[in-house]
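*Asks:* First the structure, which I've put down as structure tokens, then a few questions once you've had a look.
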Amino acid sequence: MSSFTIFGGRALRGDAVCQGSKNSSLPILAASILSGGEIILENIPRLSDVDATLKILNYLGCKTKRENGAVVIDPSGISASDIPENLMREMRSSVIFLGAVLARTGRVELFSPGGCEIGLRPIDLHLEAIKKLGAEIIDAEGKIVCTAPEGLTGAVISLSFPSVGATENVMIASCLAHGRTEIRNAAREPEISDLADFLNAMGAKVSGAGESTVVIEGVKRLHSATHSVIPDRIAGATLLAAGAITGGVVRVNGLIPAHLAPVIDIFEQAGNEIEIKSDSVLLRAPKRLKSVKTVRTMPYPGFPTDIQPPIAAMLCKAEGTSVMIETIFESRYKYIGELIRFGAKVRVDGRMAVIDGAEKLYPANAVTPDLRGGAALVLAALSAAGESTITEIKHIDRGYENLERTLSAFSAEIKRTD
Ligand code: EPZ
0 MSSFTIFGGR
10 ALRGDAVCQG
20 SKNSSLPILA
30 ASILSGGEII
40 LENIPRLSDV
50 DATLKILNYL
60 GCKTKRENGA
70 VVIDPSGISA
80 SDIPENLMRE
90 MRSSVIFLGA
100 VLARTGRVEL
110 FSPGGCEIGL
120 RPIDLHLEAI
130 KKLGAEIIDA
140 EGKIVCTAPE
150 GLTGAVISLS
160 FPSVGATENV
170 MIASCLAHGR
180 TEIRNAAREP
190 EISDLADFLN
200 AMGAKVSGAG
210 ESTVVIEGVK
220 RLHSATHSVI
230 PDRIAGATLL
240 AAGAITGGVV
250 RVNGLIPAHL
260 APVIDIFEQA
270 GNEIEIKSDS
280 VLLRAPKRLK
290 SVKTVRTMPY
300 PGFPTDIQPP
310 IAAMLCKAEG
320 TSVMIETIFE
330 SRYKYIGELI
340 RFGAKVRVDG
350 RMAVIDGAEK
360 LYPANAVTPD
370 LRGGAALVLA
380 ALSAAGESTI
390 TEIKHIDRGY
400 ENLERTLSAF
410 SAEIKRTD
């Protein structure tokens with residue numbers, strides 16, 4: 000069981016580089032199996048979720064390797080069409096293989112991904128859409144088998160919710176379908192546009208990504224491609240929040256500032272001074288952070304649910320009361336119970352968290368409940384003067400590449416113990 004020991008209480012200062020996007024890497028790695036040739040992917044972060052995805056690619060029969068900082072995939076040896084339960088359990092977002100394996104082999108078998116720490120995470124929208132594309136679906140005893148022996152047929156898919164994963168699965172599945180697919184009420188996250196760029200680099204015909212209607216014209220085959228995934232806007236915003244909660248001055252380089260617009264607005268409302276350059280954001284924290292009346296998580300381009308926990312941690316140090324409303328996931332406040340160990344004053348009522356800012360936070364020993372909740376606890380520990388420990392950091396390693404090394408760039412005192 001790995002843990003962080005953090006000696007906090009000092010203002011963080013310095014420059015860090017933002018990692019590649021986890022939530023771009025996973026669907027792009029899955030989609031690479033559609034290619035008839037070698038795929039080279041750059042800026043793929045070193046994360047346990049990426050490792051789990053590479054394990055699935057290997058299980059399916061692809062060759063994968065890391066070479067000169069890139070991930071190289073040879074999908075020519077695809078020989079399986081099922082995702083084993085142990086690999087599904089290792090990473091529930093492996094549901095993103097559904098569209099890719101079905102489009103490539105005409106069949107896919109996977110276990111219901113089940114919930115995770117932040118919610119039930121149903122996949123009804125994925126399955127309804129794939130059925131519209133002409134797949135036969137048998138969903139029984141926790142196992143899902145989709146077949147389309149004659150291939151898939153383009154259709155108009157209206158999503159009742161702009162689900163990121165469902166949008167991605169339909170984009171990937173319909174690349175090789177017969178005819179035109181139109182996704183209405185599509186997710187608009189930057190990772191959707193990045194996936195479209197990758198699919199088009201392989202010879203697909205995807206247009207409208209980033210808007211609410213995405214159109215995919217099916218093609219016969221896809222070819223090799225090289226692609227560099229976008230920076231991770233959530234990891235970048237988490238690093239900026241570390242500067243804010245410790246009263247420091249931090250710059251995060253290798254970002255696409257436009258992707259952080261809704262978070263930058265909240266940083267500024269909390270009194271941080273923000274300086275934006277073409278690929279970096281500098282944050283200068285005020286002496287005392289100001290509370291933010293209401294922060295509501297929404298689909299992009301709204302305030303992202305994934306940065307809700309780190310921003311809630313920052314607001315625990317603000318003067319006054321802030322209200323956070325989590326509209327995307329039904330149980331994304333598990334970390335609050337651990338945050339309170341640091342002296343945070345937070346009340347949770349359903350989807351609402353009421354945060355009464357405190358002058359100081361105190362060192363504590365906390366347990367990481369989930370990926371982004373873990374990041375929030377690290378921020379609280381960085382702000383508390385003295386020594387804190389955070390255990391179960393395997394959750395953090397799912398989405399933050401070597402967080403202790405990155406934070407050490409801000410001269411944070413953080414040590415990993417395995
Ligand atoms: C992606 O999850 C991200 N994961 C999540 O990041 C992110 O929080 C989420 O999008 C929202 O931005 C990856 O990209 C790997 P959704 P996804 O489908 O695709 C409901 C992180 O910390 N829903 O947009 O699963 C669902 O229950 C992770 O990096 C259905 O009801 O998100 C949720 O309430 C956490 N039925 C809401 O929609 C469905 O078929 C949003 O889910 C699908 C989703």
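Just so you know, the sequence shown maps onto residues 0 to 417 in numbering that gives the first Met the number 0. The C-beta atom is built at its ideal place from N, Cα and C for all residues, glycine as well. Please read these numbers as outputs of a predicted model, since none were measured by experiment.
#1: I want to check one thing, is the minimum distance from the CB of S162 to the heavy atoms of the ligand EPZ below 6 angstroms?
#2: Check whether the Cβ atoms of L360 and F341 sit closer than 7 angstroms, and answer yes or no.
#3: With H, G and I counted as helix, E and B as strand and the rest as coil, what does DSSP make of T152?
#4: Which residues share a DSSP beta bridge with P230?
#5: For D369, which of N271, R331, G356 has the nearest alpha-carbon?
#6: Locate the alpha helix (DSSP H) running through I255, then write down its first and last residues.
#7: Indicate the three-state DSSP secondary structure (helix, strand or coil) for G385 in the structure shown.
#8: For V353 and V322, which I take to be in contact (beta-carbon distance under 8 angstroms), what is that distance rounded to the nearest angstrom?
#9: Among E190, N168, T237, which has the Cα closest to the Cα of I129?
#10: To the nearest angstrom, report how far apart S24 and G398 are at their CA atoms.
#11: Shorter than 6 angstroms, the distance from the beta carbon of I273 to the closest heavy atom of the ligand EPZ, or not?
#12: What distance in whole Å lies between the Cβ atoms of S290 and T320, which are believed to be in contact at a cut-off of 8 angstroms?
#13: Could you name the residues of the same chain whose beta carbon sits closer than 6 angstroms to that of Y299, not counting the 5 residues immediately before and after it, in chain order?
#14: Do I32 and R103 have their beta-carbon atoms positioned less than 7 angstroms apart in this structure?
#15: Check whether the Cβ of I504 sits closer than 6 angstroms to any heavy atom of the ligand EPZ, and report yes or no.
#16: Excluding the 5 residues preceding and the 5 following A15 in the sequence, name in chain order all residues of the same chain whose CB lies nearer than 8 angstroms to its CB.
#17: May I ask whether a heavy atom of the ligand FAD can be found less than 6 angstroms away from the beta carbon of V70?
#18: Put D81 into one of helix, strand or coil per three-state DSSP.
#19: Pick out the complete alpha helix (DSSP H) segments inside the stretch 159 to 185, 4 residues or longer, and give them in chain order.
#20: Using DSSP with H/G/I as helix, E/B as strand and the rest coil, what is A139?
#21: For the beta strand (DSSP E) containing A352, list its first residue and its last residue.
#22: For the beta strand (DSSP E) that I191 lies in, which residues bound it at each end?
#23: Using 6 angstroms as the cut-off, classify the Cβ of I426 as near or not near the heavy atoms of the ligand EPZ, replying yes or no.
#24: For the ligand EPZ, I want to know if A165 counts as a neighbour, meaning its beta carbon is within less than 6 angstroms of at least one of the ligand's heavy atoms.
#25: Quick check: is any heavy atom of the ligand EPZ less than 6 angstroms from the C-beta of L25?
#26: Less than 7 angstroms separating the beta-carbons of A10 and G247?
#27: Which residues mark the beginning and the end of the alpha helix (DSSP H) in which A128 is found?
#28: According to DSSP, simplified to helix, strand and coil, what is R220?
#29: With which residues is D73 paired in a DSSP beta bridge?
#30: Quick check: G235 and L221, are their CB atoms within less than 7 angstroms of each other?
#31: Relative to the C-alpha of E400, which candidate in T4, C17, G7 has its C-alpha closest?
#32: How far does the beta strand (DSSP E) with I32 in it reach, from first residue to last?
#33: So, under 8 angstroms CB-CB, I171 and T212 are touching, yes? Tell me the CB distance rounded to an integer number of Å.
#34: Going by the C-beta, is L370 closer than 6 angstroms to any heavy atom of the ligand EPZ?
#35: Once you ignore the five residues that flank I122 on each side, which residues in its own chain have a CB closer than 6 angstroms to its CB?
#36: With C-beta atoms as the reference, is A200 less than 7 angstroms away from H177?
*Replies:* Looking at the coordinates:
#1: Position 163 of the sequence shown, counting from 1, holds the residue named residue 162. For the ligand EPZ, a non-hydrogen atom lies closer than 6 angstroms to the CB of S162.
#2: Within the sequence shown, residue 360 is the residue found at index 361, counting from 1. Within the sequence shown, residue 341 is the residue found at index 342, counting from 1. Remark: C-beta atoms of L360 and F341 approach each other more closely than 7 angstroms.
#3: Within the sequence shown, residue 152 is the residue found at index 153, counting from 1. Note: T152 maps to strand in three-state DSSP.
#4: Walking along the sequence shown from the start, residue 230 turns up at place 231. The partner list for P230 (beta bridge, DSSP) reads G19.
#5: Position 370 of the sequence shown holds residue 369. Per the Cα distances, R331.
#6: Counting from one through the sequence shown, the residue named residue 255 turns up at place 256. Looking at the DSSP string, I255 is not in any alpha helix (DSSP H), and its letter there is neither H nor E.
#7: By 1-based counting over the sequence shown, the position of residue 385 is 386. Of the three classes helix, strand and coil, the one that applies to G385 here is strand, per DSSP.
#8: Within the sequence shown, residue 353 is the residue found at index 354, counting from 1. Within the sequence shown, residue 322 is the residue found at index 323, counting from 1. The beta-carbon distance between V353 and V322, rounded to whole angstroms, is 6 angstroms. This is short enough to meet the 8 angstroms contact definition.
#9: Your numbering for residue 129 matches position 130 in the sequence shown. Selection E190, N168, T237 evaluated against I129 yields N168 as nearest (Cα-Cα).
#10: In the sequence shown, residue 24 corresponds to position 25, counting from 1. In the sequence shown, residue 398 corresponds to position 399, counting from 1. When only Cα atoms are considered, S24 and G398 end up about 11 angstroms apart.
#11: Walking along the sequence shown from the start, residue 273 turns up at place 274. For the ligand EPZ, not one heavy atom lies less than 6 angstroms from the Cβ of I273.
#12: Here residue 320 corresponds to residue number 321 of the sequence shown, with the count starting at 1. Here residue 290 corresponds to residue number 291 of the sequence shown, with the count starting at 1. Sure, about 6 angstroms apart at Cβ, within 8 angstroms.
#13: Stepping through the sequence shown from its first residue, residue 299 is reached at position 300. R187, E188, listed in sequence order.
#14: Numbered from its first residue, the sequence shown carries residue 103 at position 104. Numbered from its first residue, the sequence shown carries residue 32 at position 33. Cβ distance < 7 angstroms, so R103 and I32 count as in contact.
#15: Residue 504 is absent from the model: the chain starts at 0 and stops at 417.
#16: Translated into the one-based positions of the sequence shown, residue 15 becomes position 16. These residues qualify, in order along the chain: L238, V249, R250, V251, N252, T405, L406, A408, F409.
#17: You won't find the ligand FAD in this model; what it holds is the ligand EPZ.
#18: Here residue 81 refers to the residue found at position 82 of the sequence shown. Strand.
#19: Qualifying alpha helix (DSSP H) stretches, in chain order: 163 to 173.
#20: As a working mapping, residue 139 is identified with position 140 in the sequence shown. Residue state, collapsed to three classes: strand.
#21: Sequence index remark: in the sequence shown, residue 352 carries index 353 (1-based). Element bounds for A352: 351 to 355.
#22: Taking the sequence shown and counting its residues from 1, one reaches residue 191 at position 192. Element bounds for I191: not the beta strand (DSSP E) but the alpha helix (DSSP H), 189 to 200.
#23: What the structure shows of the chain is the stretch from 0 to 417, and residue 426 is not part of that stretch, so it cannot be assessed.
#24: Residue mapping note: residue 165 aligns to position 166 of the sequence shown, counting from 1. It does: the Cβ of A165 is within 6 angstroms (strictly closer) of some heavy atom of the ligand EPZ.
#25: Indexing the sequence shown from 1 puts residue 25 at position 26. In this structure, the ligand EPZ has a non-hydrogen atom nearer than 6 angstroms to the beta-carbon of L25.
#26: Residue mapping note: residue 10 aligns to position 11 of the sequence shown, counting from 1. Residue mapping note: residue 247 aligns to position 248 of the sequence shown, counting from 1. Contact: yes.
#27: Sequence index remark: in the sequence shown, residue 128 carries index 129 (1-based). From DSSP, the alpha helix (DSSP H) with A128 extends over 123 to 131.
#28: As a position in the sequence shown, residue 220 is number 221, starting the count at 1. The answer is coil: DSSP assigns R220 none of H, G, I, E or B.
#29: As a working mapping, residue 73 is identified with position 74 in the sequence shown. Answer by DSSP bridge pairing, in chain order: K62.
#30: Start at 1 with the first residue of the sequence shown, and residue 235 comes out as number 236. Start at 1 with the first residue of the sequence shown, and residue 221 comes out as number 222. Not closer than 7 angstroms, so no.
#31: For the purposes of this step, residue 400 is taken as residue 401 along the sequence shown, with counting starting at 1. Measuring C-alpha to C-alpha distances from E400 to each of T4, C17, G7 identifies C17 as the nearest.
#32: Start at 1 with the first residue of the sequence shown, and residue 32 comes out as number 33. Membership of I32 in any beta strand (DSSP E) is not indicated, and neither H nor E is assigned to it by DSSP.
#33: As a working note, residue 171 is residue 172 in the sequence shown. As a working note, residue 212 is residue 213 in the sequence shown. The C-beta distance from I171 to T212 rounds to 17 angstroms, too long to meet the 8 angstroms contact threshold.
#34: Mapped onto the sequence shown, residue 370 falls at position 371. Checking the Cβ of L370 against the ligand EPZ gives yes.
#35: Taking the sequence shown and counting its residues from 1, one reaches residue 122 at position 123. Correct list, in chain order: V94.
#36: Locating residue 200 in the sequence shown gives position 201, where the first residue counts as 1. Locating residue 177 in the sequence shown gives position 178, where the first residue counts as 1. Contact annotation: A200 and H177 have beta-carbon atoms that are not nearer than 7 angstroms.
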